[in-house]
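Numbering-wise (UniProt numbering), the sequence shown opens with residue 1 and increments by one. Ideal placement from N, C-alpha and C gives every residue a C-beta, glycine not left out.
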Amino acid sequence: MFVKFPKIRQFRDFVTYAKKHGVTKARFQGTVKLHGTNAAVGFSTQQGVWAQSRNRIITPGASDNANFAAYVDEHRDVFRRVLMRLAKDVGVNVDTHAVVMYGEWCGGKIQKGVAISGLPLMFVVFDACYLPTAPSAPMAPSGPSASGPDSEPCWLTPSQIAGSFAQNKVEPLRHIWEFDTFEITVDLDDLPKVRQQLIALTDGVERDCPVGKAFGKSGVGEGIVWRTAVGTDGVGTVHRFKVKGKEHQTSKVAGVAALEPDVLNTVQEFVDRTVTRNRLLQGVKEVFPADTVPDETWFKRAGKFYQWVVHDVKKEDMDAYPFLADYQGENGDDRKKAIEKSLNRAITAASQLWLKNYLELGQE
Numbered sequence: 001m002f003v004k005f006p007k008i009r010q011f012r013d014f015v016t017y018a019k020k021h022g023v024t025k026a027r028f029q030g031t032v033k034l035h036g037t038n039a040a041v042g043f044s045t046q047q048g049v050w051a052q053s054r055n056r057i058i059t060p061g062a063s064d065n066a067n068f069a070a071y072v073d074e075h076r077d078v079f080r081r082v083l084m085r086l087a088k089d090v091g092v093n094v095d096t097h098a099v100v101m102y103g104e105w106c107g108g109k110i111q112k113g114v115a116i117s118g119l120p121l122m123f124v125v126f127d128a129c130y131l132p133t134a135p136s137a138p139m140a141p142s143g144p145s146a147s148g149p150d151s152e153p154c155w156l157t158p159s160q161i162a163g164s165f166a167q168n169k170v171e172p173l174r175h176i177w178e179f180d181t182f183e184i185t186v187d188l189d190d191l192p193k194v195r196q197q198l199i200a201l202t203d204g205v206e207r208d209c210p211v212g213k214a215f216g217k218s219g220v221g222e223g224i225v226w227r228t229a230v231g232t233d234g235v236g237t238v239h240r241f242k243v244k245g246k247e248h249q250t251s252k253v254a255g256v257a258a259l260e261p262d263v264l265n266t267v268q269e270f271v272d273r274t275v276t277r278n279r280l281l282q283g284v285k286e287v288f289p290a291d292t293v294p295d296e297t298w299f300k301r302a303g304k305f306y307q308w309v310v311h312d313v314k315k316e317d318m319d320a321y322p323f324l325a326d327y328q329g330e331n332g333d334d335r336k337k338a339i340e341k342s343l344n345r346a347i348t349a350a351s352q353l354w355l356k357n358y359l360e361l362g363q364e
């Protein structure tokens, strides 16, 4: 039973939502964004314990992702106990519902160039949800943890997750609220001040990662993930956005975390500033088999890589595209098709050149 974690958006996306729904202020809690690989562990009585990467169920062996499934398999009893206890603490019946914990599988050699690189491998939980294992199962309990209609996951609050861990601490699991957290109030009437606060806090994490520091190691941090405090926006929706430091941004279309996107002048300028090394390396991690050496066999999967880059650019950065109105079809379907075709070609060409150099010359 695969339960995908929702895409973490940008600050500007929350601002758009807030203006549309008449939200004037919202409180957010921030946690350190760890640079590893997204992972999850789920449990229900019917299905037992399973492991996930960002996009699929994983198992030990060829389908694994950075050996996370092997880690889960080794600690299966621990994960079962933790997930069952978490479900009990929030009143969820695992006979009719699945409980899923999401976190970052990090440390070791999973990523390089950050403070947590080289630390012992760890799974740091940053979110959790529950949902029915069958369409007829009721979505109970109700309350602040219930954040969506019956067909969607209900997200637990940080205090529910951290509280359960505090009562039932089990090695080798950790949760992100063990480390430094941050608080801001997003005031829609004073966005410049909010942006300054976000940038200052992100710069501090990038200079010296609080998680690395907790383990006695100084170095670069990736950024901060922000999540609405319970019940602050009057809509009942959980909002998340990320703010990455300059070294980890996948796009150059704006300042920190695309807080204020620039509208660029040409398609080529747009491609130059969105098809970045960090984005391409992220695409490699998403598309190509983990723990394999880059070689000519990768060219067989190159099409999927190019598609991933095109999709990711369109998902994250189109508000900086110089021909956005045309792309959205405001000037007719023919113009829309032509613009989209030229954009796809430009992004693919840049991705092809980079992948060729990466595979043949070892250049990133």
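Between G30 and V225 the beta-carbon gap is near 7 Å, inside 8 Å, which marks them as a contact.
The alpha carbon of K300 has as its nearest neighbour, out of F288, W308 and H311, the alpha carbon of F288.
Sequence-distant Cβ neighbours of D208 in its own chain, meaning closer than 6 Å and more than five residues away, are S218.
When Cβ pairs closer than 8 Å are counted between the two stretches, the stretch 210–217 is seen not to touch the stretch 69–81, the count staying below three. DSSP, read as helix, strand or coil, puts Q46 in coil.
Excluding sequence positions up to five before and after L83, its CB lies within less than 6 Å of the CB of F43 and V99, all in the same chain and listed in chain order. Residues D326 of the same chain have their beta carbon placed closer than 7 Å to that of R335, with the five preceding and five following residues left out of the count. In this structure Q352 is in contact with Y306, their Cβ atoms being roughly 7 Å apart against a cut-off of 8 Å. Distance between G118 and F323, taken at the CA atoms: about 44 Å. Per DSSP, I116 has no beta-bridge partner at all. Taking C-beta separations shorter than 6 Å and ignoring five residues to either side along the sequence, the partners of V313 in its chain run T274 and I347, following chain order.
For the pair L131 and V3, the CB atoms are nearer than the 8 Å cut-off. A direct Cα-to-Cα measurement between R76 and G223 gives close to 31 Å. In the DSSP annotation of this structure, R174 is not part of any alpha helix (DSSP H); the continuous beta strand (DSSP E) holding it starts and ends at L173 to H175. The alpha carbon of F165 has as its nearest neighbour, out of C106, R81, Q52 and R54, the alpha carbon of R81. Around the Cβ of A115, a 10 Å sphere holds 16 or more other Cβ atoms; the residue is buried.
Assigned with DSSP and collapsed to three states, P132 falls in strand.
Looking at the DSSP output, V41 bridges to A51 and M101.
By the Cβ test, the stretch 83–92 is not in contact with the stretch 11–20, since fewer than three Cβ pairs between them sit closer than 8 Å. Using a Cβ distance threshold of 8 Å, F241 and F11 count as a contacting pair. Between V271 and A338, the C-beta spacing is not below 8 Å. Annotated three-state conformation of G204 is helix, per DSSP.
In this structure P153 is buried. Its beta-carbon is surrounded by 16 or more other beta-carbon atoms within 10 angstroms. T181 has T31 as its beta-bridge partners, per DSSP.
When the alpha-carbon of T228 is set against those of A162, T157, Q167 and K244, the nearest one is in T157. Secondary structure at M122: strand, using DSSP grouped into helix, strand and coil. The three-state secondary structure of K242, taken from DSSP, is strand.
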